[in-house]
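Novice: First, the structure itself, so that you have it in front of you.
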Amino acid sequence: MFLNFGRFFGFGFQSKFDTLLKQDNLTLETILNEEDILSELKNSSSGKFADFIIQHPQEYFKMIHYIINNVTDQEQDKNLCIKYPFLISEILGSENEKLINFLFEKQGDTSQEEVQNPLEDQRTESQPQEFQHDNENLRQNLLPDLLSLLENDSILITSAGYFTKIISAIIHKRGYDFWDYLKNNPGIITNLFKHASIRHITEIFEKLIILDTCQEEHDDRQYIEERQNLIIRILKYLRGQSYSNTIITNICESLIEVYKRVMMSLETMVVLRELLLKIEKPIFFMNLAIQTQNSSLFNLLNVQYEFYNKMPQLEDKNYEIDFSILYKPILDESVKALTQQDIFRQSFQTTYGDIIKPLGDSKLSLIQLIIQLIQKQQLASIIEKGQIFQQIINLVIEYQTNNQLHILFEKLIVAILDSKNEHLHELFFEDTNFLNFLIKNNGVEERKKKHGYQGILTKITNYINSPNVLQQYQIVQIAISSIQNEWLKYLEELKVVNEIEQSWLLGINPRFREQINVDSYSPPIQLPESLGSGQYQSTNSSNSQTNENQKESEEDTSDNNQKEEIDQQADEFDLEQAQIENQQPPVEVVQVKEENIESQEDQQPQKHEQQIFDSPVYVQSVQNQEQVDENLEQTKEFQEEPKKLEQDEQKLVQQEVQQDVQQEEQLNEQITEVKQEQQNIIQEEQQNVQEQLKQEEQQKQEEQQKQEEVQQNILKEEPKQEEQQQPQIEQQPQTEDHANSEQIEQNKQPQDEV
Numbered sequence: 001m002f003l004n005f006g007r008f009f010g011f012g013f014q015s016k017f018d019t020l021l022k023q024d025n026l027t028l029e030t031i032l033n034e035e036d037i038l039s040e041l042k043n044s045s046s047g048k049f050a051d052f053i054i055q056h057p058q059e060y061f062k063m064i065h066y067i068i069n070n071v072t073d074q075e076q077d078k079n080l081c082i083k084y085p086f087l088i089s090e091i092l093g094s095e096n097e098k099l100i101n102f103l104f105e106k107q108g109d110t111s112q113e114e115v116q117n118p119l120e121d122q123r124t125e126s127q128p129q130e131f132q133h134d135n136e137n138l139r140q141n142l143l144p145d146l147l148s149l150l151e152n153d154s155i156l157i158t159s160a161g162y163f164t165k166i167i168s169a170i171i172h173k174r175g176y177d178f179w180d181y182l183k184n185n186p187g188i189i190t191n192l193f194k195h196a197s198i199r200h201i202t203e204i205f206e207k208l209i210i211l212d213t214c215q216e217e218h219d220d221r222q223y224i225e226e227r228q229n230l231i232i233r234i235l236k237y238l239r240g241q242s243y244s245n246t247i248i249t250n251i252c253e254s255l256i257e258v259y260k261r262v263m264m265s266l267e268t269m270v271v272l273r274e275l276l277l278k279i280e281k282p283i284f285f286m287n288l289a290i291q292t293q294n295s296s297l298f299n300l301l302n303v304q305y306e307f308y309n310k311m312p313q314l315e316d317k318n319y320e321i322d323f324s325i326l327y328k329p330i331l332d333e334s335v336k337a338l339t340q341q342d343i344f345r346q347s348f349q350t351t352y353g354d355i356i357k358p359l360g361d362s363k364l365s366l367i368q369l370i371i372q373l374i375q376k377q378q379l380a381s382i383i384e385k386g387q388i389f390q391q392i393i394n395l396v397i398e399y400q401t402n403n404q405l406h407i408l409f410e411k412l413i414v415a416i417l418d419s420k421n422e423h424l425h426e427l428f429f430e431d432t433n434f435l436n437f438l439i440k441n442n443g444v445e446e447r448k449k450k451h452g453y454q455g456i457l458t459k460i461t462n463y464i465n466s467p468n469v470l471q472q473y474q475i476v477q478i479a480i481s482s483i484q485n486e487w488l489k490y491l492e493e494l495k496v497v498n499e500i501e502q503s504w505l506l507g508i509n510p511r512f513r514e515q516i517n518v519d520s521y522s523p524p525i526q527l528p529e530s531l532g533s534g535q536y537q538s539t540n541s542s543n544s545q546t547n548e549n550q551k552e553s554e555e556d557t558s559d560n561n562q563k564e565e566i567d568q569q570a571d572e573f574d575l576e577q578a579q580i581e582n583q584q585p586p587v588e589v590v591q592v593k594e595e596n597i598e599s600q601e602d603q604q605p606q607k608h609e610q611q612i613f614d615s616p617v618y619v620q621s622v623q624n625q626e627q628v629d630e631n632l633e634q635t636k637e638f639q640e641e642p643k644k645l646e647q648d649e650q651k652l653v654q655q656e657v658q659q660d661v662q663q664e665e666q667l668n669e670q671i672t673e674v675k676q677e678q679q680n681i682i683q684e685e686q687q688n689v690q691e692q693l694k695q696e697e698q699q700k701q702e703e704q705q706k707q708e709e710v711q712q713n714i715l716k717e718e719p720k721q722e723e724q725q726q727p728q729i730e731q732q733p734q735t736e737d738h739a740n741s742e743q744i745e746q747n748k749q750p751q752d753e754v
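In full-length UniProt numbering, the protein residues as written are 1 to 754.
Set out below in structure tokens:
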């Protein structure tokens with residue numbers, strides 16, 4: 001593998017166009033037929049190609065006519081039909097400055113260095129005047145020939161796309177000169193309206209209004225009046241073409257792009273924003289939208305509202321826009337637009353036999369506009385009835401499988417609550433009876449029918465029942481209090497649904513990034529528990545048991561090994577004893593006296609015993625036997641020790657169990673005593689309260705009697721006596737206060753005891 005420096009850095013790279021220039025009688029077709037020539041003509045060799053075309057205006061004429069010529073069905077040459085028009089549109093659409101300038105400037109205006117062949121150092125000889133005159137005529141007719149495409153009654157969409165690409169490049173480079181040419185030839189704009197049914201042609205309107213050009217600006221050449229007249233003419237044409245849905249869509253999309261382009265740089269494009277402020281009011285587009293039921297008009301209303309909403313935020317100039325005057329008719333007509341049947345959407349039958357009516361984009365765009373309008377406090381207070389919200393709720397029930405409608409419905413409810421407008425809250429929750437709507441359409445029985453809007457209604461219910469909403473908005477609390485029992489029952493029914501829907505798979509939140517595991521595929525790491533945990537204690541107990549078992553097994557193996565050694569030593573002793581017996585000499589037959597025989601017989605066992613006791617094997621065997629006895633005793637002791645330990649542990653466990661039982665019994669006794677004391681205290685408090693109530697009733701009765709007596713005495717006695725009775729009447733509240741204070745102190749005493 002090697003790096004081609006000539007290809008990437010230009011070292012040693014020979015241009016294909018340079019080799020073509022060396023040919024005699026080079027033509028446009030020869031250049032376009034060269035393989036992979038397009039990128040070179042648009043980038044590295046663009047200037048050389050422009051010089052060649054300027055020197056040969058006839059080739060420029062061919063380029064224009066490959067764009068504007070109509071292709072018949074009988075044409076079989078793919079170069080004429082497909083290849084040449086595409087390549088030429090790409091070359092001219094790449095904004096080659098020399099080629100575009102040549103459309104507006106005379107050949108004599110350009111310097112000789114620009115038009116000479118770049119491979120030749122010598123200057124070209126002066127051409128005959130007639131030849132120059134012919135070339136100038138060709139140059140002057142290039143732009144009119146290009147625009148003559150609009151004179152046709154119909155244009156192919158591909159040809160219109162190539163044409164628009166070239167015109168857009170011309171406007172970007174020489175926009176003011178092009179407007180000057182249109183001003184002198186007004187029939188061109190008329191021809192543009194003739195082909196407004198093609199989206200590529202209406203894009204030219206968009207470019208002419210925005211006039212985003214690289215040409216130097218002059219105050220006298222802003223063409224403000226011409227651009228404003230073009231907007232007025234477009235709106236008049238829009239009203240007259242209400243029968244054509246395609247034309248309305250194309251023009252509205254062009255106006256939408258104009259608004260978006262202005263909002264991208266609202267502070268700098270002063271001229272264009274002033275032009276858009278003089279455009280028709282929103283009610284003009286609303287009436288046209290109801291008449292045509294075109295969603296592009298509702299989209300235009302959304303963008304226009306965003307433009308109006310940003311204008312007062314400008315610092316260079318204060319714009320006062322009265323939204324109530326502009327958009328009150330829109331809100332009034334919205335109910336009619338929501339209930340209107342869409343004539344362009346035909347119902348269809350599903351495989352299940354159900355007949356479905358499509359909702360359409362127009363109502364969705366209208367709901368989006370309503371959401372924007374109610375967020376404005378000035379407009380939220382204008383709404384008089386909640387009928388507009390009721391119609392949206394009806395659409396949710398009717399089109400239960402439309403997810404876009406459900407999303408907008410949720411945004412509408414959030415916008416209503418976030419507006420913090422009490423008038424709007426009352427209209428929504430009281431006029432529509434929204435909470436009852438949720439209970440009715442999302443209850444247990446309705447959920448069995450599996451409606452498509454169940455998910456969004458559950459989500460809205462959880463949002464309304466959230467602590468933030470309940471604490472902030474009083475209207476929600478009032479609406480819930482009116483149907484509190486039904487609402488609580490409805491929430492209990494949704495608990496099962498929320499437990500299923502709101503629980504994460506395997507209990508893991510995939511969006512929770514601050515986890516212990518770094519890799520998503522790694523298994524979860526289990527952290528060690530505290531020392532006091534039950535799991536840790538169980539593992540420790542199991543480890544201790546395994547250690548004890550290992551010790552016991554080691555002791556058993558050591559005992560077995562010792563037994564085997566003792567057995568081996570005993571066997572060796574038996575073998576040595578047998579060898580000694582075999583090594584004794586044979587008994588010789590000798591005639592001996594009887595006395596000697598008897599004496600020999602008496603001496604033989606003694607000698608044999610002495611030999612046995614004196615043998616080292618016997619001594620070692622005895623020692624081994626003693627060791628065996630000691631080991632046996634030790635093994636018995638070792639075997640008895642775990643038993644003793646087990647017995648001791650059992651005793652300790654029994655003692656602990658007994659202590660636990662005793663403690664539990666004591667705790668139960670204490671708990672019962674506390675409960676009894678509490679019950680006694682509660683009973684005493686109840687009795688005290690009852691006694692207090694009785695006393696208060698008696699006092700009230702006595703006070704009523706006293707008041708009646710006082711009133712009777714006042715009627716009978718003189719004014720002097722009335723003055724004497726006033727301090728008595730004033731002392732009554734003091735006695736009442738004193739009695740109440742005593743009662744409060746009596747109530748505090750049982751509470752302190754508790």
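We put the beta carbon where it would ideally sit given N, CA and C, even for glycine. None of the values given here were measured: they were computed from a predicted structure.
If you compare alpha carbons, which of 51, 425 and 455 is closest to residue 474?
Specialist: Residue 474 has its Cα closest to that of 425, out of 51, 425 and 455.
Novice: To the nearest angstrom, report how far apart residue 277 and residue 248 are at their CA atoms.
Specialist: So the two alpha carbons sit approximately 21 Å from each other.
Novice: Quick check: the segment 176 to 196 against the segment 145 to 163, are at least 3 beta-carbon pairs closer than 8 Å?
Specialist: As far as the Cβ criterion goes, the segment 145 to 163 touches the segment 176 to 196, which means the pair count is three or higher.
Novice: Consult DSSP for residue 349 and reduce its assignment to one of helix, strand or coil.
Specialist: Three-state DSSP puts residue 349 in a strand.
Novice: DSSP three-state label for residue 356, please.
Specialist: Strand.
Novice: Looking at C-alpha atoms only, which residue of 363, 687, 317 and 689 is the closest neighbour of residue 342?
Specialist: Ranking the options by Cα distance to residue 342, first place goes to 363.
Novice: Verify whether the separation of the beta carbon atoms of residue 94 and residue 42 is less than 7 Å.
Specialist: Yes, the pair counts as a contact, with Cβ atoms nearer than the cut-off.
Novice: Indicate the three-state DSSP secondary structure (helix, strand or coil) for residue 471 in the structure shown.
Specialist: Note: residue 471 maps to helix in three-state DSSP.
Novice: How big is the Cα-Cα spacing for residue 58 and residue 146?
Specialist: For residue 58 and residue 146, the distance between alpha carbons rounds to 14 Å.
Novice: Taking the alpha-carbon of residue 452 as reference, which of 412, 418, 500 and 403 has the nearest alpha-carbon?
Specialist: When only C-alpha atoms are compared, the closest one is 403.
Novice: For residue 280, which residues in the same chain have their Cβ closer than 8 Å to its Cβ, ignoring the five residues on either side in sequence?
Specialist: Closer than 8 Å at Cβ, skipping near neighbours: 235.
Novice: Quick check on the burial criterion: 16 or more other C-beta atoms within 10 angstroms. Buried or exposed for residue 203?
Specialist: Buried.
Novice: Closer than 8 Å is the cut-off here; do at least three beta carbon pairs connect the segment 310 to 325 with the segment 286 to 293?
Specialist: No: the two stretches stay apart, fewer than three of their Cβ pairs being nearer than 8 Å.
Novice: As a quick exercise: from 225, 428, 478 and 493, pick the residue whose alpha carbon is nearest that of residue 458.
Specialist: Of the listed residues, the one whose Cα sits closest to residue 458 is 493.
Novice: If I follow the unbroken alpha helix (DSSP H) through residue 390, where does it start and stop?
Specialist: 387 to 398 is the span of the alpha helix (DSSP H), which, as asked, contains residue 390.
Novice: Starting from the N-terminal side, write out each stretch of the alpha helix (DSSP H) that is 4 residues or longer and does not extend beyond the segment 448 to 509.
Specialist: Taking only runs of at least 4 residues, the alpha helix (DSSP H) segments lying wholly in the segment 448 to 509 are 454 to 464, 467 to 472, 474 to 482 and 484 to 501.
Novice: Only counting the same chain, and skipping five residues up and downstream in sequence, which positions put a Cβ closer than 7 Å to that of residue 411?
Specialist: Here the set comprises 371.
Novice: If the criterion is Cβ atoms closer than 7 Å, does the pair residue 428 and residue 389 meet it?
Specialist: Yes, they are a contact pair.
Novice: Nearest by alpha-carbon distance to residue 135: which of 162, 172, 77 and 56 is it?
Specialist: For the residues 162, 172, 77 and 56, the minimum Cα distance to residue 135 belongs to 56.
Novice: For the alpha helix (DSSP H) that contains residue 278, what are its first and last residues?
Specialist: First-last for residue 278: undefined, no H or E at that position.
Novice: For residue 175, I'd like the list of residues in its chain whose CB is within less than 6 Å of its CB, leaving aside the five on either flank, ordered along the chain.
Specialist: Result list for residue 175: 211, 213 and 215, in chain order.
Novice: Spatial neighbours of residue 241 within its chain, please: C-beta separation below 6 Å, excluding the five flanking residues on both sides.
Specialist: Hits under 6 Å: 247.
Novice: Threshold first: 4 residues or longer. Then list the alpha helix (DSSP H) segments lying entirely within the segment 404 to 436, N to C.
Specialist: Segments of the alpha helix (DSSP H) lying fully in the segment 404 to 436: 422 to 426.
Novice: Residue 358 to residue 401, Cα distance in whole Å?
Specialist: Approximately 10 Å, taken between the alpha carbons.
Novice: Taking residue 254 and residue 285 to be in contact with their CB atoms under 8 Å, please state how far apart those CB atoms are, rounded to whole angstroms.
Specialist: So it is not a contact: roughly 14 Å between Cβ atoms.
Novice: Considering Cα atoms alone, identify which of 168, 419, 486 and 84 is closest to residue 378.
Specialist: Out of 168, 419, 486 and 84, 419 has the C-alpha closest to the C-alpha of residue 378.
Novice: Name the residue from 40, 267, 26 and 297 whose alpha carbon lies nearest to the alpha carbon of residue 15.
Specialist: When only C-alpha atoms are compared, the closest one is 40.
Novice: Does DSSP put residue 712 in a helix, a strand or coil?
Specialist: Helix, per DSSP.
Novice: Just to confirm, is the Cβ distance from residue 66 to residue 85 under 7 Å?
Specialist: Their beta carbons are under 7 Å apart, which means residue 66 touches residue 85 by this criterion.
Novice: Between residue 695 and residue 707, what straight-line distance do the alpha-carbon atoms span, to the nearest angstrom?
Specialist: Cα-Cα distance, rounded: 18 Å.
Novice: How would you write the range of the alpha helix (DSSP H) that residue 258 sits in, first residue to last?
Specialist: 245 to 264 is the span of the alpha helix (DSSP H), which, as asked, contains residue 258.
Novice: State buried or exposed for residue 63, treating a residue as buried only when at least 16 other CB atoms are found within 10 Å of its CB.
Specialist: Under this definition residue 63 is a buried residue.
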